[in-house]
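Peer 1: In the working numbering, the protein residues as written are 59 to 181.
1) Is it buried or exposed for residue 171, if we count other Cβ within 10 angstroms and need 16 for buried?
2) Determine, using beta carbons only, whether residue 159 and residue 103 come nearer to each other than 8 Å.
3) I'd like the span of the beta strand (DSSP E) that includes residue 140, first residue to last.
4) Could you spell out where the alpha helix (DSSP H) holding residue 104 opens and where it closes?
5) Are the CB atoms of residue 61 and residue 121 within a distance shorter than 8 Å?
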């Protein structure tokens, strides 16, 4: 099983990024092998549709779940259509997110957690 965590930098000890569509990086972890890779989020600079582009990217990577802080309505629909589960976390590191996921401590989102275009105003 593969999960993605939104991150501000390129390692497991990077700070978590609460934005989905405009996060700086996705850390993609294979929970079966414990191997991970880091992908720069190309949608960060998108004029529009960053959430949908990010969801499509993760679907192409074969991700089963994503851990993030906020997901807008378009991204939420795109993730749901791709069969990617969304789990919410407030803060910490990528490693903290993986541990919380494995321990079943994260809340699964049942839809959007924020309005459209919120990521444009977050840093």
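Idealized CB from N, CA, C, for every residue including glycine. As the structure is a computational prediction, the values presented were derived from the model and not from experiment.
Peer 2: In this structure, then:
1) Counting from one through the chain shown, the residue named residue 171 turns up at place 113. Its Cβ being crowded by 16 or more others within 10 Å, residue 171 is buried.
2) For the purposes of this step, residue 159 is taken as residue 101 along the chain shown, with counting starting at 1. For the purposes of this step, residue 103 is taken as residue 45 along the chain shown, with counting starting at 1. Taking C-beta atoms as the reference points, residue 159 and residue 103 fail to come closer than 8 Å.
3) Your numbering for residue 140 matches position 82 in the chain shown. Looking at the DSSP string, residue 140 is not in any beta strand (DSSP E), and its letter there is neither H nor E.
4) Here residue 104 is taken as the residue at index 46 of the chain shown, counted from 1. In the DSSP assignment, residue 104 falls outside any alpha helix (DSSP H), carrying neither H nor E.
5) The sequence position of residue 121 within the chain shown is 63, counting from 1. The sequence position of residue 61 within the chain shown is 3, counting from 1. Their beta carbons are under 8 Å apart, which means residue 121 touches residue 61 by this criterion.
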